[in-house]
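Protein chains in written order, with our numbering: chain A, 460 to 900; chain B, 17 to 824.
For each residue, glycine too, the CB sits at the ideal point set by N, CA and C.
Note that the structure is predicted; figures quoted are calculated from it, not measured.
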Amino acid sequence: MIITKKAISRRTVLKGLGATLALPFLDAMMPASTAIARSAAKAPTRFGAIYVPNGVIPGKWFPTAEGTDFEYSPSLQPLLPFRDRILILSGLDSVPPPPPGERQYNNHADASTRFLTDTTPSHILRAGVSVDQVLAKKWGAETSLPSLELALESVDSGTSCDFGRSCVYTGTISWGGPTAPLPMEQSPSAAFERLFGENTDPAARRARMQQKGSILDSLLQEVGKLQQKVGPADRTKITGYLESVRDVEQRIQKAVEHNAEVPLVNRPAGIPETFEEQAKLMFDIQLLAYQGDVTRVVTYMIGREFSGRTYPEIGVPDAHHPISHHQRDPVRMEKLSKINHYHVSLFSWFVDKMKNTPDGDGSLLDHSAIIYGAGMSEGNGHVPLNLPILLVGGGSGELKGGRHIKAAPGTPLANFHMSLMSKLGVPVESHGNSTGLFNID
Amino acid sequence: MRRVVPVLLLIICSATFFGQSSKPAPQREFVDKYCIACHNDRTRTAGVTLASPELDKIGDNAELWEKVLHKVRTGQMPPLNMPRPDDATRKTTVSSLETALDRAAAANPKPGRVSAHRLNRTEYANAIRDLLTLEIDAKALLLPDEADEGFDNVAASLALSPSHLERYLSAAREISRRAIGDKTLGMVPTAILYSVPKLLEQDIRTSEELSFGSRGGLAVRHNFPLDGEYAFKVRLRRQVYDYIIGMGSPQKLDVRIDGKLVKRFTVGGEAKGIRGPLTWNGEIVGDTDYELYMHAADAGLEVRVPVSAGIRKVTVAFVDTPWEPEGLQQPRQVDFGRGSDEQYEGYAAVDTVAIRGPFQPGGPGDTASRRIIFSCKPNGSAAEEPCARKILTTLARRAYRRPATEDEIQTLLGFYRTGSKESGFESGIQSALERMLVSFNFLFRIENPAATASGTARLNDFDLASRLSFFLWSSIPDDELLTLAGRGRLKDPIVLDQQVKRMLRDSRSNALVDSFANQWLTTRKLQTWLPDQILFPDWDENLRDAFVRETELFMEDQLHEDHSVIDLINANYSFINERLAKHYGMSNVYGERFRRVTFTDGARGGILGQGGVLMVTSYPDRTAPVVRGFWVLENLLGMPPPPPPPNVPDLALVNADGRKRTLREQMELHRANPACATCHVRMDPLGFALENFDAIGRWRKESDGVPVDASAVFADGTPIDGVQGLKKFVIGHRDDYVTTFTSRLLTYALGRSVDYSDNPAIRKIIREAAANDYRWSSIISGIVKSTPFQYISGEMPGRQGTTNKDKN
């Protein structure tokens, strides 16, 4: 498939380089790609998790009524246009017991770590596997990257970010296993590079694929000759290599099939100046990853726990973390809720794009399940109960939005994790602190 | 599986040698007296029986007898509670068994073989360095390797998954484009981010790579792909709430390229408005102006300058202007306090440096890579293909470690033609180079493919050259080796000896330290080790670096000064800088430079006194005598105990009265339980001897408020007192230690597991090295001369993929 109706010429894109980064960079190019429907028979389901740090103002976050007939709360207003695609969850708790012999803190390190693992981090670097990585293990073979982890703020493993616990905990939400925290990519340039190389130009990508294809062809011949020369044991080993070569050929074939579905974009040259541009650039990369089916699993931390980012652009020149310890000061609470609202509005910008990106027989939003939320409800007291969690997207027909569901008191967050994974076709026997399933039908 | 082998052998032997009889073999009397009570056909303790006289055909039962020999030689058998031979009897039996086994091996050598061997990440990076004069970040380009038998160069574990291949494909493209300086590299500017670990103290000069009079910061070797403009953006270190630290006073920050100053910034001291209370920033805020400054004071630390292509050293560091008199020690904040203090009046520090570019890219410049690749320059299109052939033939000979066949050159030329047709001569070369770098001839070492069908064969000279270079350099052979191999001269023992000496003099042989020693001693773990920060607030990245450097410098010195390998234990010197001196409680060592110091306490010096070794054999929060004891048994004495039995109950941390048990009390529980005791009576004492070193390798006299008792008694009754005693103990087991060292080095040299059939070769190496005081060179040259190194077996079923996990 080839984009024939170019909304923007390649030259224009290249000219814009270096001086400034044109952002949001997909907008101008969207029309060309939206005109084309996906050819794939059945679109795959995508998973995402967006994390915001330092908790929220619960009073402004949660709607009061349950069910389908409720009024949208102030913090969630920006998402109102997508109401039928959004499931608002309340009452989920994350208080998994600490490892034997350790104390329960319920602090910042716990918040981010528990978000997708529902496991309490240990004094030594140890937690549990996260939802995204359970899915990535299952879906990863289908795509060129099993998962992508993005963040706007740096993660440093070298020091303590919370009483005796490593900064790794506050800087990631993705865990490949109990002792395998995954670093989150902070550089949009590097993230893009992993997905597409220098640009998404179909012609250039096709040329690269062709080059790869001819190298692989030639390798097949080389290995074939080699097989004639070696003894039986090495021959077995080399047959294994042949399979690898063929496997890569098939992946390239798949990539070629998907090739034209991504709009023409160059690798960003750095990190943009403003927070909003940074946040949207990462969302764009997430979208591109889904769109090109380079990966189906993306996690994204808009801020790390303890983030002290200032938001002068929305009238909050104060640092986020001290504001989150508002001590019931109405001025501070108002400022924190402004930050919450701002983050949600950025997210809604992304949801809008997902909705307007055709994918198979519907939109990307139809085929996604995106968790948005925090690891604390009330940041002021680091409260790990009644967590603010949204589930956005149609989940390929498995998820029903338009509702606010209140969990029974004491429902572990992991029960929601279990149900979601089961809906997405990857049921597990247990996860983190789970005690069973949490009905989200 | 392996346990039944002796039984199978027994059956075979009985069938084959039935009816033969002669006078009893010399070891038979010993076996009947000391072994047969347990190892008979009826009881078969540990699956072993030594009853049948047919077993006395030693050469046919070498695997079994090597096992017996090992157990008897190391004193592990007979068990302590059974009648044991006197020393003289033991030695006679050991010696006669060795002689018999060695004779049998000499008559019927089994050199083993190494299956197809993928270059590991280190070897790949070194090969690119030596082939193209190009430094690459292999960790970013390639997947990590699995280690097997303790080494990541063991062929059996070096698989080729589709993901590996994908990475090789993209790495080949990236490397070939960078090597020739492909113009399209400038099409889209790249951003590379370098970061300084948070726990690196930046109040001193942090590296010998940085200018004198500098403070903190970082030095990186950056590859500038093309001539052009590049932007350098510095971000300063923040505390946990994102307040930039050390902003109370103006400080000068230099950006240098290859030592030359390109920009001097001044940052700090300009906060306006009322400050937040010191150390409470992040909880209680100040005026808006102050807040904004504290979060964004480093916004303008960016400079854009023209740089010519090539690998250059970029340094970003402060000018050292002390804000307080030198030598005044501020108490160091720990854990969360350290993370949350903005240190307003202290020093600013560098967090990251981003290098972006090229902007307005120019040409590829005159880089070392281009000089080595473009050995000819075509004038006129008719000259292009002959020149390409010359270039590719030269490169392929080095990359494939032998002259490329015409067929292989044609493959490369095919890629050259396609590439040059599209975008010119240099693109053609890039395309062919890309193909070359994914060739299995480059990525794999497949030995002597023509002669592997059966029997034992001498390696051809080119394969021998590769074995040598991968053993001593972790890289491809150089021209001299290839030339000698091409003339068939390398196998000549005199030439070979000269080459080994030459290679050891070459700095590339430091790969032996980096890859062999650091894996043997498990000090590679230092790179990621993180001790408990509440208990060890003094631990910082500077100390990590110093640990790494101490072990490296010590091993390099031992290797290049050609010490006896016994000195690894026995040496009374090491290499330290100020940071390490402070850690070791020594005075009068100043500055970042490492220098040789001699110790008189008998504790430091030698690997058993090195902080890094002592740290990675501990837990993050306490010492672990069991881990240290196991480490000594496995890596120095070659008698690792088996894994613990299943269902071991946790050791109770507290006594019945609620008092926390001391470590020694906990350990004593081990010995109370017979199932634990058999192994722990050997592990624990060796570990306790090191108890004067805490979990980050500091000397201590007490622990948990109780004086440290570093005395212990080994299983056989030998008293061991402290680290000095442990050193004596290890040296007292000289044969075990030298055997273990040689066996580990042989494993590394061959890139395969070493098993019983290699033992005769190991004994030969050691016998010959003994005359030379077990110097490094004598063991290395013994390995190079050995049968397993110079010969390969034909493929025999059962010899593939064996491990030596239970050889003892």
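_Tell me which residue opens and which closes the beta strand (DSSP E) that T816/A is part of._
Position 357 of the first sequence, counted from the first residue, corresponds to residue 816/A. Premise fails: T816/A is in no beta strand (DSSP E) and is neither H nor E.
_Quick check on the DSSP output: the alpha helix (DSSP H) that includes L80/B runs from which residue to which?_
Against the second sequence, residue 80/B aligns to sequence position 64. L80/B -> alpha helix (DSSP H) spans A78 to R89.
*In terms of residues, what are the limits of the beta strand (DSSP E) holding D552/A?*
Counting from one through the first sequence, the residue named residue 552/A turns up at place 93. Segment I545 to D552, the beta strand (DSSP E) holding D552/A.
*Hey, is Q592/A's beta-carbon within less than 9 Å of any beta-carbon in chain B?*
Residue numbering aside, residue 592/A sits at position 133 when the first sequence is read from its first letter. By this cut-off, Q592/A is not an interface position.
*Check whether the Cβ of D198/B lies closer than 9 Å to any Cβ atom in chain A.*
In the second sequence, residue 198/B corresponds to position 182, counting from 1. Chain A contact via Cβ: absent.
*Run through the stretch 478-512 of chain B for me and flag every whole alpha helix (DSSP H) of 4 or more residues, listed as ranges in chain order.*
495-502
*When DSSP labels each residue in this structure, what does N658/A get in the three-state scheme?*
Reading the first sequence from its first residue, position 199 is the one you call residue 658/A. Reduced to three states, the DSSP call for N658/A is strand.
*Measuring CB to CB, does F730/B end up less than 9 Å from R687/B?*
Start at 1 with the first residue of the second sequence, and residue 730/B comes out as number 714. Start at 1 with the first residue of the second sequence, and residue 687/B comes out as number 671. Against a cut-off of 9 Å, the Cβ pair of R687/B and F730/B comes out as no contact.
*asked:* My parser needs the alpha helix (DSSP H) runs of 4 or more residues fully inside the stretch 379-442 of chain B; what are they?
replied: 384-389, 400-416 and 422-439
*Excluding the 5 residues preceding and the 5 following R560/B in the sequence, name in chain order all residues of the same chain whose CB lies nearer than 6 Å to its CB.*
Translated into the one-based positions of the second sequence, residue 560/B becomes position 544. Nothing meets the Cβ criterion.
*What are the residues that DSSP puts in a beta bridge with I829/A?*
Numbered from 1 along the first sequence, position 370 holds the residue referred to as residue 829/A. According to DSSP, I829/A bridges with G507/A and V851/A.
_Just to make sure I have the definition right: I need the residues of chain B whose C-beta is within less than 7 Å of the C-beta of K596/A. Which are they?_
Taking the first residue of the first sequence as position 1, residue 596/A is located at position 137. Residues of chain B passing the Cβ test: none, with the nearest at roughly 14 Å.
_Members of the stretch 836-857 of chain A near chain B, C-beta cut-off 9 Å_ = none
_Is the beta carbon of V689/A closer than 9 Å to that of A132/B?_
The sequence position of residue 132/B within the second sequence is 116, counting from 1. The sequence position of residue 689/A within the first sequence is 230, counting from 1. Cβ distance < 9 Å, so A132/B and V689/A count as in contact.
*asked:* Only counting the same chain, and skipping five residues up and downstream in sequence, which positions put a Cβ closer than 6 Å to that of E525/A?
replied: On the first sequence, residue 525/A is found 66 positions in, with the first residue counted as 1. Excluding positions up to five away in sequence, the list reads H863 and K865.
*Buried or exposed: which applies to F228/B, given that a residue is buried once 16 or more other Cβ atoms fall within 10 Å of its Cβ?*
In the second sequence, the residue the question calls residue 228/B occupies position 212. Exposed.
_Residues in the same chain with beta-carbon distance under 6 Å from E557/B, minus the five sequence neighbours each way, listed in chain order, please._
The residue labelled residue 557/B in the question sits at position 541 within the second sequence. Result list for E557/B: P213, L215 and L216, in chain order.
*Those residues which DSSP pairs with E45/B across a bridge*: Here residue 45/B is taken as the residue at index 29 of the second sequence, counted from 1. Looking at the DSSP assignment, E45/B forms no beta bridge with any residue, so it has no partner.
*What are the boundary residues of the beta strand (DSSP E) that I208/B is part of?*
Counting from one through the second sequence, the residue named residue 208/B turns up at place 192. T206 to S211 is the span of the beta strand (DSSP E), which, as asked, contains I208/B.
*Of all the residues that make up the stretch 642-671 of chain A, which are near chain B by a beta-carbon distance shorter than 7 Å?*
S646, S648, E657, N658 and K671
*Who pairs with Q267/B in a beta bridge, going by DSSP?*
To locate residue 267/B, count along the second sequence from 1; it is residue 251. Answer by DSSP bridge pairing, in chain order: V283/B.
*Any idea what DSSP makes of D706/A, helix, strand or coil?*
Your numbering for residue 706/A matches position 247 in the first sequence. Here D706/A sits in helix by DSSP.
*So does the stretch 186-193 of chain B actually touch the stretch 346-366 of chain B, counting three or more Cβ pairs closer than 8 Å?*
no
*For chain A, is any of its Cβ atoms less than 9 Å away from the one on I220/B?*
Here the question's residue 220/B lines up with position 204 in the second sequence. It does not: the Cβ of I220/B has no partner Cβ on chain A nearer than 9 Å.
*What three-state label does DSSP hand M489/A in the structure shown?*
The sequence position of residue 489/A within the first sequence is 30, counting from 1. Reliability of the predicted coordinates at M489/A is poor, the pLDDT of 34 falling under 50, and the value obtained from them is presented with this limitation in mind. Reduced to three states, the DSSP call for M489/A is helix.
*Would you mind telling me which residues of chain A sit closer than 8 Å to D357/B, beta carbon to beta carbon, in chain order?*
On the second sequence, position 341 is the one that residue 357/B refers to. Chain A residues near D357/B: none, gap ~12 Å exceeds 8 Å.
_Can you look up I761/A in the DSSP assignment and give me helix, strand or coil?_
For this step, residue 761/A is matched to residue 302 along the first sequence. Correct three-state label for I761/A: coil.
_C-alpha gap between R524/B and Y759/A, whole angstroms_ = Here residue 524/B refers to the residue found at position 508 when the second sequence is read from its first residue. Here residue 759/A refers to the residue found at position 300 when the first sequence is read from its first residue. Looking at the two C-alpha atoms, the distance is approximately 43 Å.
*With DSSP as the reference, label S766/A as helix, strand or coil.*
As a working note, residue 766/A is residue 307 in the first sequence. Three-state result, S766/A: coil.
*Along the stretch 721-741 of chain A, what residues have a CB closer than 7 Å to any CB found in chain B?*
N725, R726, A728 and G729
*For the stretch 119-138 of chain B and the stretch 60-67 of chain B, state whether three or more C-beta atom pairs, one from each stretch, are separated by less than 8 Å.*
no
*Determine the chain A residues that contact V301/B at a beta-carbon separation under 7 Å, and present them in chain order.*
Translated into the one-based positions of the second sequence, residue 301/B becomes position 285. Neighbours of V301/B on chain A, chain order: D777, A778 and P781.
*Verify the contact flag: R183/B, CB atom, against every heavy atom of the ligand HEM, threshold strictly below 8 Å.*
With respect to the ligand HEM, the structure offers nothing, as it holds no ligand at all.
*Proximal chain B residues relative to H582/A, where beta-carbon distance stays under 9 Å*: Walking along the first sequence from the start, residue 582/A turns up at place 123. Ordered by position in chain B, the residues that pass the 9 Å Cβ test against H582/A are D548, I550, P636 and D637.
*Endpoints, the beta strand (DSSP E) within which L234/B is located*: Position 218 of the second sequence, counted from the first residue, corresponds to residue 234/B. S230 to F240 is the extent of the beta strand (DSSP E) around L234/B.
*To which residues of the same chain is D732/B closer than 8 Å at the C-beta, ignoring the five residues directly before and after it?*
As a working mapping, residue 732/B is identified with position 716 in the second sequence. Cβ neighbours of D732/B beyond the five flanking positions: G91 and L96.
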